[in-house]
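Numbering (my numbering), first residue to last: -9 to 331.
Before any comments, here is the structure.
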């Protein structure tokens, strides 16, 4: 049971970065379509479930410990090197954005230099990296439930118990919400697939991976529905907000504002930890250095880079990696359907 919980928490913790927890991703991909966004979320969760169950089942069946082995098998060695380099660059960029986001958030709360937040986050992440996969699993098992409960409390307070649970009876199923949901899954599948291929040590039995995939998708789906319902109800007021859910917390009082600030920090930490773990592992293999040395080197290098406008860089890279994600999604669905037939 403990291994299943680790897989669920790492799965969820990888996806719920600053964009997700802030509400910005829900606003961009789902809330803009208002009520039709609910259908988009259900479609996304189905895709997430198919992808995660396929990957974890594959990991167990072929005893794989890294996504590189899988990537090489489906595209060949030459293309694998190119795609792998692009994936590492993307994960590296996301890591730096999480550091920058932490610095900005702590600056707004404590009026300190953004560098302070980046340094504090880097020290904590260094501890995770040197603790390997067990450290990553333990950190997510502590932080993800806190984030989930915090979102649930804020959601219930903001929109009422019935609003969180009930789904609209009448939904107009037209528009581009389907394309938007596919793009959302495609973009998020890059980091998710990379980290799920590292879950073999937590899978003593095949069912642990399957339950981990189902549980992770369920928890993620509930969180998506809570944020979407909250932002959908207040779409006009939140449309121009940088951090929509933080604005919701502020409107409910200082305690909710502070609570959601902590949730955001936790979400950025878990996403940075997952992305950083993959990059550190890649660097260790390439540089052939001690794991602790590589972890320290990575954390030190990324502190100044977090202030170099990586948000703009990632906004440029997103479309490129979106295409990589679409390719990954199509290939996994193809393999899944072929097995079923």
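For each residue, glycine too, the CB sits at the ideal point set by N, CA and C.
Query	Result
Quick check: the region 51 to 58 against the region 206 to 219, are at least 3 beta-carbon pairs closer than 8 Å?	no
Could you work out which residue in 263, 297, 250 is closest to residue 99 when comparing CA atoms only?	250
Taking CB distances under 8 Å as the criterion, tell me whether residue 288 reaches chain D.	Note that chain D does not occur in the displayed structure, where there is just one protein chain.
For the alpha helix (DSSP H) containing residue -3, list its first residue and its last residue.	-8 to 5
Since residue 17 and residue 234 are thought to touch, with beta carbons under 8 Å apart, how far apart are those beta carbons, to the nearest angstrom?	6 Å
If we call anything under 8 Å between Cβ atoms a contact, is residue 8 one with residue 77?	no
Does the region 59 to 70 come within contact of the region 82 to 91, defined as at least 3 CB pairs closer than 8 Å?	no
Hey, residue 181 and residue 264 are a contact pair by Cβ (cut 8 Å); roughly how many whole angstroms apart?	6 Å
Please report the Cβ distance between residue 198 and residue -6, rounded to the nearest whole angstrom; I am assuming they are in contact, meaning their Cβ atoms lie under 8 Å.	5 Å
When you compare the CB positions of residue 286 and residue 116, do they come within less than 8 Å of one another, or not?	yes
Could you tell me the distance, in whole angstroms, from the CA atom of residue 272 to the CA atom of residue 96?	30 Å
If you compare alpha carbons, which of 144, 120, 203 is closest to residue 281?	120
Is the region 141 to 150 in contact with the region 41 to 49, if contact means three or more CB pairs nearer than 8 Å?	no
Among 210, 94, 146, whose alpha-carbon lies nearest the alpha-carbon of residue 104?	94
Tell me the rounded alpha-carbon separation between residue 60 and residue 221.	38 Å
Using only the alpha-carbon positions, how far apart do residue 186 and residue 177 sit?	15 Å
Report the rounded CA-to-CA distance for residue -1 versus residue 145, giving the unit in angstroms.	20 Å
With distance defined between alpha-carbon atoms, name the residue in 209, 102, 192 nearest to residue 134.	209
Is it the case that the Cβ atoms of residue 241 and residue 38 are separated by a distance below 8 Å?	no
Nearest-angstrom Cα distance between residue 75 and residue 243?	45 Å
For residue 336 and residue 36, what's the separation of their Cα atoms in angstroms?	In this structure the chain extends from -9 to 331, so residue 336 is not present and cannot be described.
What are the start and end residues of the alpha helix (DSSP H) that includes residue 234?	234 to 242
Would you kindly work out how many angstroms separate the C-alpha atoms of residue -8 and residue 324, rounded to a whole number?	32 Å
Counting C-beta neighbours from all protein chains within 10 Å, is the total for residue 277 16 or more, i.e. buried, or is it exposed?	exposed
Report the rounded CA-to-CA distance for residue 163 versus residue 111, giving the unit in angstroms.	Because residue 163 carries a pLDDT of 45, less than 50, the predicted location of this residue cannot be relied on, and no value is offered for it.
In three-state terms, what does DSSP make of residue 63?	helix
Under the assumption that residue 4 contacts residue 261 (Cβ atoms under 8 Å), give the Cβ distance between them as a whole number of angstroms.	6 Å
Please report the distance separating the alpha-carbon of residue 168 from that of residue 320.	15 Å
On the CB-based measure, 16 or more other CB atoms within 10 Å of its CB, does residue 188 come out buried or exposed?	buried
Can you give the Cα-Cα distance for residue 10 and residue 192, rounded to whole angstroms?	26 Å
Is it buried or exposed, residue 160, if we count other Cβ atoms within 10 angstroms and call 16 or more buried?	Caution applies to residue 160, whose pLDDT of 47 falls short of 50 and renders its modelled position unreliable; the model cannot decide the point.
Going by DSSP in three states, residue 37 sits in which element: helix, strand or coil?	helix
Indicate the three-state DSSP secondary structure (helix, strand or coil) for residue 177 in the structure shown.	helix
Three-state secondary structure (DSSP) at residue 189?	coil
May I have the straight-line CA-CA distance separating residue 166 from residue 23, to the nearest angstrom?	8 Å
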